[in-house]
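Working notes for the structure below.
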Amino acid sequence: MVDPLSIHCPHCEASFKIKNKSAFGKKVKCPKCETPFVIPRPASIKSSSSSKKSKPSTFAEEFFGDESESSYSLGDDEFDDWEEDLSKGPSDKISTPKKKRGAKSTAKSKRSRPAPTRSNQYAPLIAVAGCLLFLFFAYILVNHLFPQNDNPNRLAGGEDLKKANKLNVVPVAPLESDWPEPGVQGAHVFQERQTASTAKVYDLVCSGDQTVTGSTQKFKVYLPPDMPENTQVPCVLVPPAGATLLTGMDIDLNDISLDAEHEPYIKAGFAVITFSIDGPIGEIETTTNDQFAAAHMKFRKSHAGVVNCVNAFQQLIETVPGIDRDNIFIAGHSSAGTLSLLFAEYFSDAFQDDSLKLKGCLAYAPAVDPRAFFKENLPIFKSIIPDVEEFIRVSAPITYTEKINCPVFLFHSVGDQVTSHPNTAKFSAQLQKQGVDVNFITSNGFDHYQTMIDQGIPKGIQWIKRKINGDQDPQPQSTPDSTPVATPKALTDSRVEMNKKMREQAAASRARMEKMRMQFQNSAFKDKPDPNTPQQRAIFKVAGYNEFYTTAMKNNPTFWTRSIEDKVEYGLTKIVSGYIKGSVRLDLQNQLLSFKFSGNLPDNMAQLLAEDNTGNAVTLDPYPPVIEGVSNTPTGPDSNQGLLFKIIFLKGLNFDRDNFMRIAEIKLKQLDKYVPGSLKINLEEKWVFVKVTDDENVKYQIDNLLSGAGVSVSPTPTRLTPENISKYENYGSSTNPSKMVNLGSTASQGKTAQRYVIQYGVYGGDDAKESVQRSLKGFVWVDQKSIQFNPHKKEISFSNRSPVDTGALERALTRNKFYQLAISQEALPAKAADPETREKPQ
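Under my numbering, residues 53 to 894 are what the sequence shown spells out, in order.
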């Protein structure tokens with residue numbers, strides 16, 4: 053055993069002995085005065101202790117050697133056993149206190165812990181390092197198996213929206229597809245579908261990996277009818293309109309009706325392709341916030357739909373036959389117009405092949421600056437999508453005008469209540485300043501949709517033809533700061549070669565168009581016959597319709613009349629050599645089909661039309677037709693066409709019963725196609741009759757003009773046969789004031805309860821149900837409990853409590869973004885008064 057060493061307490065001078073040298077330098081408590089102090093280290097021990105390494109031991113072992121059974125912590129300052137080692141020297145107590153120490157150690161053993169060893173000293177560090185290593189590998193594995201593409205703060209490609217200044221559009225691989233040919237089968241093959249369109253319609257659903265952007269896209273292709281083989285035609289990409297600018301848009305492949313945005317291009321001889329946009333939503337009224345956010349993320353991954361445009365363009369150049377790759381345009385309305393401009397801006401990023409060009413971009417009433425479009429409702433969308441403001445910024449076409457390098461056609465109405473005409477004007481000025489070939493057409497209309505159909509698309513088609521023919525050269529660049537140059541500089545050799553190449557390309561385009569005209573001379577591009585050639589009219593009895601139209605006309609036969617006429621016309625252009633284009637008329641009431649022609653009519657006319665793929669929409673009676681001579685002079689009676697409009701309601705505040713005929717006549721004379729003095733109206737039978745020289749794209753203009761005079765009519769009139777025109781044009785009783793409806797200031801008079809039905813064509817807001825409630829709220833003549841809303845039928849109805857001011861009703865609905873309104877009413881059976889609610893006698 054080590055000889056004990058003697059030390060002294062510096063406070064009470066008491067002395068005691070130490071058995072272990074390792075106690076030196078440690079803080080202890082004096083057993084006598086209980087004052088803590090540090091045991092000084094003797095000089096002889098200081099020099100030798102540094103060279104010796106002792107086995108780690110507990111604090112008690114260091115003081116009492118092997119005799120101790122307890123361990124102590126330095127922080128406890130418990131030194132009860134120092135009383136045995138006082139300076140009176142080692143007495144006989146040294147052997148006897150074992151029991152005492154044993155008793156004390158037993159009491160203290162409850163809070164003792166095992167002595168640390170060299171192996172477990174590093175256990176905590178090893179455990180922490182292991183946890184960090186596990187978390188690192190788990191992070192790598194999760195990001196590899198489940199990529200974080202749905203982070204709302206990132207675009208596809210990994211950009212942080214707060215740092216991004218543009219969309220990260222890159223080339224994408226074409227989707228797998230094939231054109232229907234003998235022996236080609238599979239889910240990736242376009243399928244031909246019969247519709248009301250005169251075009252040949254094909255559609256495809258790409259059912260790819262849903263995690264890959266654009267891989268589950270839908271396509272619908274329209275090819276001009278009877279397109280000759282080895283012929284290339286221009287094509288127009290038409291994205292679907294009506295989206296929210298934050299979500300995508302689906303297309304209904306089962307919709308077989310005519311599309312007013314597609315048919316004009318088809319009739320002009322162009323192919324059309326429309327397609328779905330990633331991230332569509334259903335009815336906005338039933339869409340939850342989570343569904344809207346999920347749809348937005350898909351739309352965001354598609355770079356606001358640009359990827360879907362790229363896929364559609366690739367279908368045209370890779371799969372669809374007969375497409376002129378040098379004359380591909382994109383045209384869109386409203387949200388689709390915004391997407392069209394974005395596609396034009398990012399075309400060079402998506403297609404890094406210099407041989408591919410976008411011939412031009414057409415945007416009708418676009419939202420060129422979505423930031424202004426969302427300004428009022430931005431807090432609502434930010435609660436659903438926190439970084440929506442950043443996405444709106446990077447997807448605004450007005451931010452990237454410098455990227456557009458193709459001609460641009462813009463159309464906007466000054467009274468558009470959905471998108472901003474001033475912003476489009478600003479966008480056009482910015483393009484002109486950059487030297488872009490831009491043509492901005494302004495309309496005096498006051499709606500968002502119909503002026504595009506009546507005026508925008510026809511002018512857009514004219515613009516497309518000019519670009520194809522190369523008739524319009526780019527406008528010279530000029531700026532306010534430019535100064536005239538005295539002597540023009542000579543062009544460099546490279547510029548001379550470039551100009552020469554441009555002239556050669558323009559000449560080649562004109563040659564292709566001329567060749568196409570020659571190949572289509574017996575079809576859509578046929579010139580009108582010589583006016584001096586005698587013309588006749590053939591009138592056939594209709595025996596029936598093909599299976600498609602027999603089913604379609606059960607619900608709404610008038611809706612399908614124009615479609616049947618268009619298909620019969622394409623058949624007649626091949627069967628009747630002297631057919632007069634645009635003269636087909638179908639009289640549903642009398643089941644008669646008539647058309648004009650010059651020359652001779654085939655004897656087996658009914659059989660030839662039945663065998664034609666497009667003309668077989670109707671089945672003609674085999675008996676010979678009635679043939680009569682007609683005048684083909686521009687001012688002749690047979691050059692005029694009669695249109696019969698159904699009156700929906702009369703605008704009480706705008707309708708002047710004494711001066712209506714004069715006001716309406718003045719307004720109708722604004723139309724070049726209107727025959728002056730032909731207006732007839734019968735308010736009892738609710739019809740308006742007018743004569744026009746050509747009814748193409750004129751019916752909606754007549755609707756707007758009559759609406760301004762106080763009469764709302766159906767925009768789909770009945771085109772009268774020559775036999776019925778005389779019946780209406782000689783009708784004169786409509787001008788007799790005694791037979792006119794007494795309107796007063798409202799559309800409904802008397803105490804009879806009425807059920808009002810409002811049908812709308814376009815809704816430009818975000819929440820239709822809320823807009824309905826806001827429109828009708830506050831009107832005392834509306835029975836609020838009777839309000840019904842059917843978004844699928846686009847119909848609003850209610851019962852009145854008192855006379856209805858239809859003018860105020862129409863203004864309220866228009867103010868809440870319901871357009872193309874048709875308001876009608878019907879009498880409700882009078883209800884017997886409830887005995888309990890009758891007035892009690894005073």
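Every residue gets a Cβ at the ideal spot worked out from N, C-alpha and C, and that includes glycine.
Presumed contact (8 Å Cβ cut-off) between residue i and residue j, rounded CB distance
{"i": "GLN806", "j": "ASN842", "result": "About 19 Å separates the two Cβ atoms, so there is no contact after all."}
{"i": "PHE381", "j": "ILE516", "result": "6 Å"}
{"i": "TYR752", "j": "ILE505", "result": "7 Å"}
{"i": "ASP330", "j": "GLY300", "result": "5 Å"}
{"i": "ILE513", "j": "ALA320", "result": "5 Å"}
{"i": "LEU219", "j": "SER447", "result": "7 Å"}
{"i": "CYS458", "j": "CYS413", "result": "6 Å"}
Residue i versus residue j: straight-line alpha-carbon distance, rounded
{"i": "VAL740", "j": "TYR871", "result": "22 Å"}
{"i": "PHE611", "j": "ALA604", "result": "9 Å"}
{"i": "SER267", "j": "PRO674", "result": "51 Å"}
{"i": "LYS427", "j": "LEU661", "result": "57 Å"}
{"i": "ARG377", "j": "GLY694", "result": "42 Å"}
{"i": "PHE186", "j": "ILE336", "result": "45 Å"}
{"i": "THR296", "j": "LEU723", "result": "35 Å"}
{"i": "SER797", "j": "ASP255", "result": "Bear in mind that a pLDDT of 32 at SER797, under 50, signals an unreliable position, so the number given afterwards is only what the model happens to contain. Approximately 52 Å between the Cα atoms of the pair."}
{"i": "PRO234", "j": "VAL241", "result": "11 Å"}
{"i": "LYS411", "j": "GLU441", "result": "32 Å"}
{"i": "ILE591", "j": "GLN659", "result": "16 Å"}
{"i": "TYR815", "j": "LYS869", "result": "6 Å"}
{"i": "LYS353", "j": "ALA481", "result": "31 Å"}
{"i": "ASN341", "j": "LYS350", "result": "15 Å"}
{"i": "PHE76", "j": "ALA190", "result": "50 Å"}
{"i": "ILE839", "j": "VAL636", "result": "43 Å"}
{"i": "ILE325", "j": "SER259", "result": "18 Å"}
{"i": "VAL682", "j": "THR625", "result": "19 Å"}
{"i": "ASP302", "j": "VAL594", "result": "38 Å"}
{"i": "LYS156", "j": "PHE89", "result": "At LYS156 the pLDDT is 43, less than 50, meaning the model places this residue with poor confidence; the figure from the coordinates comes in the next sentence. Those two C-alpha atoms are separated by around 24 Å."}
{"i": "ASN642", "j": "PRO586", "result": "27 Å"}
Collapsed DSSP secondary structure at residue i in the structure displayed
{"i": "GLN375", "result": "Gln is not the amino acid found at residue 375; the sequence shown has Ile there. Strand at ILE375."}
{"i": "ASN491", "result": "strand"}
{"i": "ARG853", "result": "coil"}
{"i": "ARG863", "result": "helix"}
{"i": "GLU313", "result": "coil"}
{"i": "GLN269", "result": "coil"}
{"i": "LEU702", "result": "strand"}
{"i": "VAL257", "result": "strand"}
{"i": "GLY389", "result": "helix"}
{"i": "HIS473", "result": "helix"}
{"i": "ILE715", "result": "helix"}
{"i": "ILE437", "result": "coil"}
{"i": "CYS413", "result": "strand"}
{"i": "LYS485", "result": "helix"}
{"i": "LYS150", "result": "Residue placement at LYS150 is poorly supported in this model, since its pLDDT is 42, which falls under 50; the coordinates still yield a value, given next. The answer is helix: DSSP assigns LYS150 an H, G or I state."}
{"i": "LEU368", "result": "helix"}
{"i": "PRO452", "result": "The residue asked about is misnamed: residue 452 is Tyr in this sequence, not Pro. Three-state DSSP puts TYR452 in a helix."}
{"i": "GLN659", "result": "helix"}
Residues bridged to residue i (per DSSP)
{"i": "VAL466", "result": "Paired residue(s): none; VAL466 is not in a bridge."}
{"i": "TRP231", "result": "In DSSP, TRP231 forms no bridge with anything."}
{"i": "ARG352", "result": "In the DSSP output, where bridge partners are listed per residue, ARG352 has none listed."}
{"i": "ASP639", "result": "LEU644"}
{"i": "CYS287", "result": "ALA323 and ILE380"}
{"i": "ILE875", "result": "ILE810"}
{"i": "TRP739", "result": "LYS698 and ASN734"}
{"i": "PRO88", "result": "LYS81"}
{"i": "LYS69", "result": "SER58"}
Cβ-heavy atom distance, residue i to the ligand FAD, below 8 Å
{"i": "SER759", "result": "This structure simply doesn't include the ligand FAD, nor any ligand for that matter."}
Cutoff 9 Å: residue i Cβ touching any chain C Cβ
{"i": "TRP833", "result": "Of the chains in the structure shown, none is chain C; there is only one protein chain."}
(request) Examine the Cβ distances between the stretch 745-765 and the stretch 701-715 and report whether three or more of them are shorter than 8 Å. (result) yes
(message) Quick check: the stretch 493-502 against the stretch 391-410, are at least 3 beta-carbon pairs closer than 8 Å?
(response) no
(message) Taking 8 Å as the cut-off, does the stretch 296-316 touch the stretch 393-400 (at least 3 CB pairs, one atom from each stretch)?
(response) Judged by Cβ distances under 8 Å, the stretch 393-400 makes no contact with the stretch 296-316, as fewer than three pairs qualify.
(message) Measuring CB atoms only, is the stretch 219-239 touching the stretch 364-380, in the sense that at least three cross pairs come out at less than 8 Å?
(response) yes
(message) With three or more beta-carbon pairs closer than 8 Å as the criterion, would you say the stretch 410-430 touches the stretch 381-392?
(response) With a cut-off of 8 Å, the stretch 381-392 and the stretch 410-430 count as touching, because enough Cβ pairs lie within range.
(request) Check whether the stretch 614-633 touches the stretch 653-671, counting contact only when three or more Cβ pairs, one atom from each stretch, lie closer than 8 Å. (result) Yes: the two stretches touch, three or more of their Cβ pairs being nearer than 8 Å.
(message) Between the stretch 818-832 and the stretch 861-868, can you find at least three pairs of beta-carbon atoms closer than 8 Å?
(response) yes
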